[in-house]
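Colleague: Anchor point for the sequence shown: position 487 equals 475 in the numbering used here, and the numbering is continuous, going up by one each time. Heads up, the beta-carbon is just placed ideally off N, CA and C, and yes, glycines get one too. Source: prediction; values computed, not measured.
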Amino acid sequence: MSSISRPPLVVAVDLDEVLGLFVEILARFHNEVYGGSLTADDFHSYDFVHVWGGTREEANAKVLAFFKSSHFQEELPPIRDAFPVLKALKDEGVDFHVVTSRQFCIQRETEEWVQKHYPGIFTGLHYGNHYSATGPQRSKGEMCEAIKAQLLVDDSLRYAHQVAQDAGIPVLLFGDYAWNQADPSLPPSSLPPSITRVTRWEDVRVHIEALLASHRQQHRGRGGGGSQTFKRKPPNVRKLCCQDTINKYERSSEQQAVSMDEACSLFRQGVTSVFKQWMVLHLAVTNNWGGGDSYRKATLLLEETLRLFVPPPLARTAHRPKQLPTPEELEEKLGDYMEEQFGTLVEDGSLEEVSAWVCNLWEECKEGRREGVTKVCAQEAAVLRLQQRWSEVSREASRMEEDVRKSQEGEEELRDEEEEGGGIGGQARGEEDVRGMEAEGGGEDAGSMENGAGDAHAGGTEVEEEEEEGWTAVKPKKKAPNPRQRRREPGLFG
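(1) Quick check on DSSP: helix, strand or coil for Tyr22?
(2) Compute the beta-carbon to beta-carbon distance between Val21 and Phe36, rounded to the nearest angstrom, for a pair I have assumed lies under 8 Å.
(3) Quick check on Leu333: buried or exposed, where buried means 16 or more other Cβ atoms within 10 Å of its Cβ?
(4) Indicate whether Val6 and Asp142 have their beta-carbon atoms separated by less than 8 Å.
(5) Are the Cβ atoms of Ile135 and Val(-2) separated by less than 8 Å?
(6) Considering only DSSP beta bridges, list what Gly8 is partnered with.
(7) Going by DSSP, what residue range makes up the alpha helix (DSSP H) through His85?
(8) Rounded to whole angstroms, what's the CA-CA distance from Gly398 to Asn275? Just pull it up for me.
(9) DSSP state of Val346, grouped into three classes?
(10) Is the stretch 68 to 82 touching the stretch 100 to 119, taking contact as three or more C-beta pairs under 8 Å?
(11) Measuring CB to CB, does Val268 end up less than 8 Å from Met326?
(12) Just checking my contact of Tyr115 with Phe92 at CB under 8 Å: how many whole Å lie between their CB atoms?
(13) Can you list, in chain order, the residues of its chain with a C-beta nearer than 7 Å to that of Ala152? Leave out the 5 residues immediately preceding and following it.
(14) Put Thr362 into one of helix, strand or coil per three-state DSSP.
(15) Taking 7 Å as the limit between beta carbons, can you name the residues of its chain near Leu289, skipping five residues before and five after?
(16) Would the beta-carbon of Phe255 fall within 8 Å of that of Phe297?
(17) To the nearest angstrom, report how far apart Gly8 and Leu64 are at their CA atoms.
(18) In whole angstroms, what is the alpha-carbon distance linking Thr122 and Ala70?
(19) If you measure between the beta carbons of Ser338 and Trp266, is that distance less than 8 Å?
(20) Pick from Gly360, Gln329, Ser33: whose alpha carbon is nearest that of Ala166?
(21) Quick check on Arg403: buried or exposed, where buried means 16 or more other Cβ atoms within 10 Å of its Cβ?
(22) Would you decide whether Lys285 is buried or exposed? Buried here means 16 or more other CB atoms lie within 10 Å of its CB.
(23) Where does Tyr165 sit, in a helix, a strand or coil, going by DSSP?
(24) Could you check which residue in Cys132, Glu250, His18, Phe10 has the C-alpha nearest to that of Ala47?
(25) So, at 6 Å on beta carbons, what are the nonlocal neighbours of Phe10 in its own chain, with the 5 sequence-adjacent residues on each side left out?
(26) Kindly indicate which three-state DSSP category His59 falls into: helix, strand or coil?
(27) Alpha carbon to alpha carbon, how far is Gln206 from Arg185?
(28) Where Ala272 and Asp164 are concerned, what is the direct C-alpha to C-alpha distance, given to the nearest angstrom?
(29) Beta strand (DSSP E) containing Asp142: first to last residue?
(30) Roughly how many whole angstroms lie between the Cα atoms of Thr293 and Ala198?
(31) Can you have a look at Gln150 and say buried or exposed, based on whether 16 or more other CB atoms are within 10 angstroms of its CB?
(32) Am I right that Val342 and Ser261 are in contact with their C-beta atoms under 8 Å? What's the rounded C-beta distance?
(33) For Leu349, which residues of its own chain have a beta-carbon under 8 Å away from its beta-carbon, when the five flanking residues on both sides are left out?
(34) Just the Cα atoms here: how many angstroms apart are Pro124 and Glu130?
(35) In terms of DSSP beta bridges, what is Gly112 paired with?
(36) For Leu(-3), which of helix, strand or coil comes out of DSSP?
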């Protein structure tokens, strides 16, 4: 008796600037060979002829020279955190493929590099052969369609638009690079809902985990499926709005799908702004109340909240939710998450306020109204400035407390030393000082004592003088400061 296995989630991943640094090493090579002081920030376009000038043939010749250099063959480093994230997702069943625009002429070097830095991760490597004078070329969309990819991770804004629009495949636009901020060949508008900007591999992990959970739920009953925790809770992608909107979505005309995307995008924008302004969450992240991965935990909280209402931007089909959360239910979920993940019991009333904002925003967005989102985004800049000022004041207060603490410690040390001076040794020194003061004014012959006593103390602090009854008086010459009572020098922090 055979069982039907669940089809894997296929994710296409670009190579250069997503898996490994390319432009930074290329700039270093160009400066050494051709002169100049280029950095990665100077590459506002991945069409290098627009960066260093000259003809396209000259630009291609420079790139080919780079391919033959030790810079390319030995120095390309992998992107930080990419391998552990890919390995964890691979273990969960994600099927990864490399989809690159690289040419066939460096196929061997490419495969060796991938095997060295990402062993056992990728099922296949697919080459577009772009900017090559020989051989067939394939677009990123064609390669993604060939492997039935359900998601592309790429750093190119142009490729992201091509794949999202032409192939209908959602894209994670990776990295905060100069060349993926704007493209003159594209309209200067915000990203469509099918393209989501991410800056770190931890962000990629969050989105792929959400898509994987949706994928598992969609194929439940066709190949197993284990229990889920709140952290990995499968997103109910159709948690959209009221029953009427769900029915319209099920009829799924092209125009209605676009309207749903707009509502989801608008709602995501508003809720993201609300979470940025939530002071408790801001403090939890900046102070690492949740440990070293506090930022990731905050991102997960945002994504879990969004999925209670709307589908993630990477999926558009799943089972219908029974009902949307009420403000009270959302408040309870947020409070539980803050306590479990950040060890923070929120009792300042902000949970109620944040929950009400989120629920009200969805009610407006599903009707196509923008007033709430516009309002919350307008006050975001002022709140962020306030948070920044609060952080500065907190740091300054911490420094002042440290200065006061060190000053108090110094005063305590001085008091301890003064108290130590009142012991046996201090009493003896005090008696000598008294005798010296009584003998003061003993005459000029005090320095010519018998048996050379004056010579023995020449240059010292005391001069002895013999009295009539055989006693010796001590006259202080000049009292030196006690080194143990000198002012304490300030430490490293004042």
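Modeller: Once the coordinates are examined:
(1) Here residue 22 corresponds to residue number 34 of the sequence shown, with the count starting at 1. In this structure, Tyr22 counts as helix in the three-state DSSP scheme.
(2) On the sequence shown, residue 21 is found 33 positions in, with the first residue counted as 1. On the sequence shown, residue 36 is found 48 positions in, with the first residue counted as 1. Between Phe36 and Val21 the Cβ distance is about 14 Å, and since that is not below 8 Å, they are no contact.
(3) Walking along the sequence shown from the start, residue 333 turns up at place 345. Answer is exposed; the Cβ neighbour count stays below 16.
(4) Numbered from its first residue, the sequence shown carries residue 6 at position 18. Numbered from its first residue, the sequence shown carries residue 142 at position 154. For Val6 and Asp142, yes; Cβs fall inside 8 Å.
(5) Locating residue 135 in the sequence shown gives position 147, counting from the first residue. Locating residue -2 in the sequence shown gives position 10, counting from the first residue. Taking 8 Å as the Cβ cut-off, Ile135 and Val(-2) qualify as a contacting pair.
(6) Within the sequence shown, the letter at position 20 stands for residue 8. Gly8 pairs with Asp4, Pro66.
(7) Numbered from its first residue, the sequence shown carries residue 85 at position 97. Looking at the DSSP string, His85 is not in any alpha helix (DSSP H); the run it does join, the beta strand (DSSP E), is 82 to 88.
(8) In the sequence shown, the residue the question calls residue 398 occupies position 410. In the sequence shown, the residue the question calls residue 275 occupies position 287. Their backbone Cα atoms lie some 30 Å apart in a straight line.
(9) Here the question's residue 346 lines up with position 358 in the sequence shown. Val346: helix per DSSP, three-state reduction.
(10) yes
(11) Here residue 268 refers to the residue found at position 280 of the sequence shown. Here residue 326 refers to the residue found at position 338 of the sequence shown. Result yes, Cβ atoms of Val268 and Met326 sit closer than 8 Å.
(12) Translated into positions along the sequence shown, residue 115 becomes position 127. Translated into positions along the sequence shown, residue 92 becomes position 104. Yes, they are in contact, since the Cβ atoms of Tyr115 and Phe92 sit about 6 Å apart, within 8 Å.
(13) On the sequence shown, residue 152 is found 164 positions in, with the first residue counted as 1. Closer than 7 Å at the Cβ level, and outside the excluded window around Ala152, lie Pro158, Val159, Pro180, Ser182, Ile183.
(14) Position 374 of the sequence shown holds residue 362. Three-state result, Thr362: helix.
(15) Residue 289 sits at position 301 when you count from the first residue of the sequence shown. Excluding sequence neighbours, Leu289 sits near Tyr325.
(16) The residue labelled residue 255 in the question sits at position 267 within the sequence shown. The residue labelled residue 297 in the question sits at position 309 within the sequence shown. Yes, these two residues count as a Cβ contact at 8 Å.
(17) The count along the sequence shown starts at 1 and reaches residue 8 at position 20. The count along the sequence shown starts at 1 and reaches residue 64 at position 76. Approximately 6 Å, taken between the alpha carbons.
(18) As a first step, residue 122 is located in the sequence shown; it is residue number 134 there, counting from the start. As a first step, residue 70 is located in the sequence shown; it is residue number 82 there, counting from the start. Cα to Cα, Thr122 sits roughly 32 Å from Ala70.
(19) Here residue 338 refers to the residue found at position 350 when the sequence shown is read from its first residue. Here residue 266 refers to the residue found at position 278 when the sequence shown is read from its first residue. A contact, by the Cβ cut-off of 8 Å.
(20) As a working mapping, residue 166 is identified with position 178 in the sequence shown. When only C-alpha atoms are compared, the closest one is Ser33.
(21) In the sequence shown, the residue the question calls residue 403 occupies position 415. That one is exposed.
(22) One-based indexing of the sequence shown puts residue 285 at position 297. Buried is the call here.
(23) Reading the sequence shown from its first residue, position 177 is the one you call residue 165. It is coil, neither helix nor strand.
(24) By one-based count along the sequence shown, residue 47 stands at place 59. Answer by Cα proximity: His18.
(25) Taking the sequence shown and counting its residues from 1, one reaches residue 10 at position 22. Result list for Phe10: Asp4, in chain order.
(26) Within the sequence shown, residue 59 is the residue found at index 71, counting from 1. Reduced to three states, the DSSP call for His59 is helix.
(27) Within the sequence shown, numbered from 1, the residue matching residue 206 stands at position 218. Within the sequence shown, numbered from 1, the residue matching residue 185 stands at position 197. The straight-line gap from Cα to Cα measures roughly 25 Å.
(28) The residue given as residue 272 occupies position 284 in the sequence shown. The residue given as residue 164 occupies position 176 in the sequence shown. Answer to the nearest angstrom: the Cα atoms are 25 Å apart.
(29) Here the question's residue 142 lines up with position 154 in the sequence shown. Unbroken beta strand (DSSP E) run through Asp142: 139 to 142.
(30) Here residue 293 corresponds to residue number 305 of the sequence shown, with the count starting at 1. Here residue 198 corresponds to residue number 210 of the sequence shown, with the count starting at 1. Spanning the two alpha carbons is a distance of roughly 12 Å.
(31) The sequence position of residue 150 within the sequence shown is 162, counting from 1. Result: buried.
(32) Taking the sequence shown and counting its residues from 1, one reaches residue 342 at position 354. Taking the sequence shown and counting its residues from 1, one reaches residue 261 at position 273. With 8 Å as the limit, Val342 and Ser261 do not qualify as a contact, their Cβ atoms being about 11 Å apart.
(33) The sequence position of residue 349 within the sequence shown is 361, counting from 1. Only Phe255, Gly258, Val259, Val262, Gly360, Val361, Val364 meet the Cβ criterion.
(34) Stepping through the sequence shown from its first residue, residue 124 is reached at position 136. Stepping through the sequence shown from its first residue, residue 130 is reached at position 142. Distance between the alpha carbons of Pro124 and Glu130: 13 Å.
(35) Reading the sequence shown from its first residue, position 124 is the one you call residue 112. Its beta-bridge partners are His85.
(36) Within the sequence shown, numbered from 1, the residue matching residue -3 stands at position 9. Strand, per DSSP.
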